[in-house]
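Novice: Have a look at this one.
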Amino acid sequence: MKTATIIICTCNRAEHLRETLKSVERLKVPSFLSVNLIIVDNGSVDHTRKVVQGYASELIPVSYLYEPQRGKGHACNRAISVSQGDLLLWTDDDVRLPPNWILQMTAPLLAGQADGVSGRVRMAAHLERKWMLRTHFFRLADNRFRSKDDLTMVGANMAFLRSVLHKVPHFETELGPGGSGQRDDTLFSHQMLRAGFRILQSECEVEHHFEENRLLRRAWLGHGEASGRSSAMLCFHWEHQAVQGAVFFRILWGIALALHRISHPLARMEQEGCGRGEIRMVEQVAFYRAYLRYKNGTRKYARYGLAPILPERGVGTVAETRGACALSGT
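Numbering of the sequence shown is given in my numbering, commencing with residue -12 and proceeding in unit increments.
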């Protein structure tokens, strides 16, 4: 019998986790699978442990792990190190899973159609706003508008074969929540594709119940900052792009942002919403600022590498571009 491990990493969101676990308890377990659940508590100081103790499902037994080193990448890697499943299914602590989630996400893997599955993520209806554009949905990890050729997996709803870890052994800890803020799952997806693994889109959809404060202007600007930092990390360390004119573009985007804020003086941090233009400007400033910090350092990966390399091993050639990185989209 094949085995599957569901992994949830959490930090100080006990009540959100409680609701997620209720949906886990309602999952249907296929007769041909043995399923277990691993919850990694990433340094919580709330009542997360008690919530996990209250979980009750005989079909899907749970293991609780405490990972004190903050950062989602560390939590994910801890889960990988102890997991035993032939299939690894991933979701977040603020997600509601449909009853047939296990079957839908594992079917392509068991049929040999794919090595990884990228499911759909849709924000809960009460969180949608009329002012939202597609870019807002994208920045909230809502991938309902993704193109058919977008094979990027999202941590809230993804699965892959354990054999993937033989070539792509872990998640990058410098990215994601607790690191630069984002794109840990993006890098893992691209590393899988570089290694020759197949990722398949699935119509299996989970519902994302994030906190409403993520809709505030300050949160959108924080997202732009995190996106810029994450893009810079990928651009320098993984893509090996040498961005020409970084100082000039850092100043240029900084001026553009300052002028924008002079002309929009009444925007408050605690109001909902933020224009995509301002988010983009913040993102660009953060990208060039972070890239300038990286550019004289030692690269962490060989170009498009599947795992970090030792600094003394060297990194190969450097490709040049003018203010653009293929993976990051900056």
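Just so it is clear, CB atoms sit at the ideal spot from N, CA and C, and this is done for glycine as well. Treat the numbers as computed from the prediction; the structure is a model and nothing was measured.
Are the CB atoms of ILE25 and VAL39 within a distance shorter than 7 Å?
Specialist: The residue labelled residue 39 in the question sits at position 52 within the sequence shown. The residue labelled residue 25 in the question sits at position 38 within the sequence shown. Not in contact: VAL39 and ILE25 (Cβ atoms no closer than 7 Å).
Novice: Who are TYR51's beta bridge partners in DSSP?
Specialist: Within the sequence shown, residue 51 is the residue found at index 64, counting from 1. DSSP, once it has assigned bridges, lists ILE26 as partnering TYR51.
Novice: Of the residues LEU90, MET110 and THR93, which one's Cα is nearest the Cα of ASP79?
Specialist: Position 92 of the sequence shown, counting from 1, holds the residue named residue 79. Measuring from the Cα of ASP79, the nearest candidate turns out to be MET110.
Novice: Do you know how far the Cα of LEU52 is from the Cα of ALA66?
Specialist: Within the sequence shown, the letter at position 79 stands for residue 66. Within the sequence shown, the letter at position 65 stands for residue 52. Their Cα atoms are separated by approximately 8 Å.
Novice: Cutting at 6 Å between CB atoms, please list the residues of its own chain near TYR318, excluding the five before and the five after it.
Specialist: Any answer about residue 318 is impossible in this case: the structure gives the chain only from -12 up to 317.
Novice: What three-state label does DSSP hand SER176 in the structure shown?
Specialist: Reading the sequence shown from its first residue, position 189 is the one you call residue 176. Of the three classes helix, strand and coil, the one that applies to SER176 here is helix, per DSSP.
Novice: My parser needs the alpha helix (DSSP H) runs of 4 or more residues fully inside the stretch 258 to 286; what are they?
Specialist: Qualifying alpha helix (DSSP H) stretches, in chain order: 263 to 281.
Novice: VAL69 to ARG280, Cα distance in whole Å?
Specialist: On the sequence shown, residue 69 is found 82 positions in, with the first residue counted as 1. On the sequence shown, residue 280 is found 293 positions in, with the first residue counted as 1. Cα-Cα distance, rounded: 35 Å.
Novice: Excluding sequence positions up to five away, which residues of its chain have a Cβ less than 6 Å from the Cβ of ILE77?
Specialist: Locating residue 77 in the sequence shown gives position 90, where the first residue counts as 1. In the sequence as displayed, the identity of residue 77 is Trp instead of Ile. Excluding sequence neighbours, TRP77 sits near ILE(-6), GLY142 and MET145.
Novice: So ARG205 and MET268 are in contact, right, with Cβ under 8 Å, and what is the actual spacing, rounded?
Specialist: Within the sequence shown, numbered from 1, the residue matching residue 205 stands at position 218. Within the sequence shown, numbered from 1, the residue matching residue 268 stands at position 281. So it is not a contact: roughly 15 Å between Cβ atoms.
Novice: Between which two residues does the alpha helix (DSSP H) containing ILE242 stretch?
Specialist: The residue you call residue 242 lines up with position 255 of the sequence shown. Per DSSP, ILE242 belongs to the alpha helix (DSSP H) from 233 to 250.
Novice: Go through its chain and collect everything with a Cβ distance to PRO164's Cβ below 6 Å, but skip five positions before and after it.
Specialist: What you label residue 164 is simply residue 177 of the sequence shown in a count that begins at 1. LYS59, listed in sequence order.
Novice: What residue does the alpha helix (DSSP H) around GLN40 start on, and which one ends it?
Specialist: What you label residue 40 is simply residue 53 of the sequence shown in a count that begins at 1. It spans 35 to 40 - the alpha helix (DSSP H) in which GLN40 sits, taken as one unbroken run.
Novice: With respect to the beta strand (DSSP E) encompassing ASN144, which residues constitute its N-terminal and C-terminal limits?
Specialist: Taking the sequence shown and counting its residues from 1, one reaches residue 144 at position 157. Taken as a continuous stretch (DSSP letters only), the beta strand (DSSP E) holding ASN144 covers 144 to 148.
Novice: Determine the burial state of GLY264: buried for a count of at least 16 other Cβ atoms within 10 Å of its Cβ, exposed for fewer.
Specialist: Locating residue 264 in the sequence shown gives position 277, where the first residue counts as 1. Burial call: exposed.
Novice: Kindly indicate which three-state DSSP category ASP171 falls into: helix, strand or coil?
Specialist: Position 184 of the sequence shown, counted from the first residue, corresponds to residue 171. Helix, per DSSP.
Novice: According to the neighbour-count rule (16 or more other Cβ atoms, all chains shown, within 10 Å of its Cβ), is GLU198 buried or exposed?
Specialist: Along the sequence shown, one-based indexing puts residue 198 at 211. That one is exposed.
Novice: Counting pairs of beta carbons, one from the stretch 96 to 104 and one from the stretch 175 to 185, are three or more of them closer than 8 Å?
Specialist: Flag = yes, the stretch 96 to 104 and the stretch 175 to 185 touch.
Novice: Would you give the residue range spanned by the beta strand (DSSP E) that ILE(-6) belongs to?
Specialist: To locate residue -6, count along the sequence shown from 1; it is residue 7. ILE(-6) -> beta strand (DSSP E) spans -11 to -3.
Novice: Among ALA219, GLY260, LEU246 and ALA294, which residue has its Cα nearest to the Cα of LYS282?
Specialist: What you label residue 282 is simply residue 295 of the sequence shown in a count that begins at 1. Measuring from the Cα of LYS282, the nearest candidate turns out to be ALA219.
Novice: Opposite ILE186 in the DSSP bridges: which residues?
Specialist: Here the question's residue 186 lines up with position 199 in the sequence shown. Answer is GLY103.
Novice: With DSSP as the reference, identify every bridge partner of TRP77, one or two as the case may be.
Specialist: Numbered from 1 along the sequence shown, position 90 holds the residue referred to as residue 77. Looking at the DSSP assignment, TRP77 forms a beta bridge with ILE(-6) and MET145.
Novice: Given this structure, state the Cα-to-Cα distance separating GLU12 from HIS3, to the nearest angstrom.
Specialist: Reading the sequence shown from its first residue, position 25 is the one you call residue 12. Reading the sequence shown from its first residue, position 16 is the one you call residue 3. About 15 Å.
Novice: Mapping DSSP to helix, strand and coil, what is HIS3?
Specialist: Start at 1 with the first residue of the sequence shown, and residue 3 comes out as number 16. In the structure shown, HIS3 sits in a helix (DSSP, three-state: H, G or I).
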